[in-house]
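**Q** Residue 1 is where the sequence shown starts when you use the UniProt record's numbering, and the numbers rise one by one after that. Below are the structure tokens for one structure; questions will follow.
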Amino acid sequence: MAKTILIVEDQQVLREIMKEYLTDEGYQVLEAGDGRLALELFQEHDVQLVILDIMLPELDGWSVCRRIRKVSNVPILMLTSRSEEDDTLLGFELGADDYVIKPCSPPILLARSKRLLESRPIHGLRDMLIGGGIAIHLPSRTVSINGEKISLTHTEYEILTYLMENKGILLSREQLITKIWGYDFDGEDRTLSSHIRNLRAKLGEHAKHIVTVVRSGYRFEERP
């Protein structure tokens with residue numbers, strides 16, 4: 001069954017261009033020109049990815065992102081015509097997984113969308129990753145702390161899984177960026193830092209297991 005993508009963009013021409021590229025790849029596309037319609041469509045359909053502009057009528061992208069995150073961890077790719085640091089950081093704090101600066105190349109948007117839609121392959125016969133009171137059930141992509149489920153965004157889940165798969169191994173920032181976003185990632189270095197910070201906030205006291213190695217990267221350690 002084709003995966004469904006919700007495009008939320010008030011510029012009709014840009015929306016149609018994005019829709020054409022995505023439908024050509026076999027995706028089902030829903031369109032919304034304002035924030036309120038976007039939320040209605042999200043509630044009515046099984047959406048696997050939201051491509052969300054920031055500047056929207058009715059409800060802005062920040063508000064839409066915040067409301068979606070209250071009920072779902074669906075991947076969210078934000079679009080912005082502004083490149084200021086505050087915009088991207090606020091998006092990550094609200095739960096966005098990635099962002100693209102407009103005007104953007106449709107092939108780049110398509111590549112980012114595919115990456116967010118692809119589930120991590122399960123290696124070998126393992127169904128679980130366990131360490132430091134944190135448990136990841138790979139088939140269902142759920143995360144629990146001492147038996148209590150927590151909600152992570154797509155990108156936060158990918159980062160935590162990669163770190164726990166390589167428990168005790170130092171992973172450089174470059175390794176993490178390449179693994180999560182790919183070799184063609186053209187975003188800012190602060191993108192990774194923002195997601196790590198948000199992930200740690202959700203892990204609470206268990207955030208101590210994600211160790212920062214200054215000027216090198218990160219490592220997952222089981223600490224007392």
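Every residue, glycine too, gets a C-beta built ideally from N, C-alpha and C.
If distances are taken between C-alpha atoms only, which option among T155, H154 and K167 comes closest to Y218?
**A** Along the sequence shown, read from residue 1 onward, the residue named residue 218 stands at position 218. Of the candidates T155, H154 and K167, the one whose C-alpha sits nearest the C-alpha of Y218 is K167.
**Q** Could you work out which residue in D10, T153, P57 and L30 is closest to S194 when comparing CA atoms only?
**A** As a working mapping, residue 194 is identified with position 194 in the sequence shown. If we check each option's Cα against that of S194, T153 comes out closest.
**Q** Buried or exposed for E205, please, with buried defined as at least 16 other CB atoms from any protein chain shown within 10 angstroms of its CB.
**A** As a first step, residue 205 is located in the sequence shown; it is residue number 205 there, counting from the start. That one is exposed.
**Q** If we require 4 or more residues per run, which alpha helix (DSSP H) segments fall completely within the UniProt domain "Response regulatory" (4-117)?
**A** 12-24, 35-44, 61-71, 85-94 and 106-117
**Q** Taking C-alpha atoms, which residue in T191, L37 and L41 lies nearest to G95?
**A** Position 95 of the sequence shown holds residue 95. If we check each option's Cα against that of G95, T191 comes out closest.
**Q** Anyone know if the C-beta pair for L199 and I134 falls short of 8 Å?
**A** If you number the sequence shown from 1, residue 199 lands on position 199. If you number the sequence shown from 1, residue 134 lands on position 134. Judged by their CB atoms, L199 and I134 are not nearer to each other than the 8 Å cut-off.
**Q** By DSSP, does G133 sit in helix, in strand, or in coil?
**A** If you number the sequence shown from 1, residue 133 lands on position 133. Correct three-state label for G133: coil.
**Q** Per DSSP, which one or two residues make a beta bridge with E148?
**A** Counting from one through the sequence shown, the residue named residue 148 turns up at place 148. I145, per the DSSP bridge assignment.
**Q** Identify the residues that DSSP records as bridge partners of I210: which are they?
**A** The count along the sequence shown starts at 1 and reaches residue 210 at position 210. Partner(s): F220.
**Q** In angstroms, rounded to a whole number, what distance separates the CA positions of A2 and S144?
**A** Here residue 2 corresponds to residue number 2 of the sequence shown, with the count starting at 1. Here residue 144 corresponds to residue number 144 of the sequence shown, with the count starting at 1. Distance between the alpha carbons of A2 and S144: 30 Å.
**Q** Using DSSP with H/G/I as helix, E/B as strand and the rest coil, what is S194?
**A** Looking up residue 194 in the sequence shown gives position 194. Helix, per DSSP.
**Q** Could you check which residue in V50, K114, D60 and E44 has the C-alpha nearest to that of G26?
**A** Your numbering for residue 26 matches position 26 in the sequence shown. When only C-alpha atoms are compared, the closest one is K114.
**Q** Just to confirm my understanding: we take S151, look at its own chain, exclude 5 residues before and 5 after, and list those with CB closer than 6 Å. What are they?
**A** Numbered from its first residue, the sequence shown carries residue 151 at position 151. The answer, listed in chain order, is N73.
**Q** Quick one: what does DSSP say M128 is sitting in, helix, strand or coil?
**A** Along the sequence shown, read from residue 1 onward, the residue named residue 128 stands at position 128. M128 falls in the strand class under three-state DSSP.
**Q** Excluding the 5 residues preceding and the 5 following G182 in the sequence, name in chain order all residues of the same chain whose CB lies nearer than 8 Å to its CB.
**A** The residue labelled residue 182 in the question sits at position 182 within the sequence shown. A111 and R115.
**Q** Answer yes if the segment 13-26 comes into contact with the segment 36-43, meaning at least three C-beta pairs across the two stretches below 8 Å, and no otherwise.
**A** no
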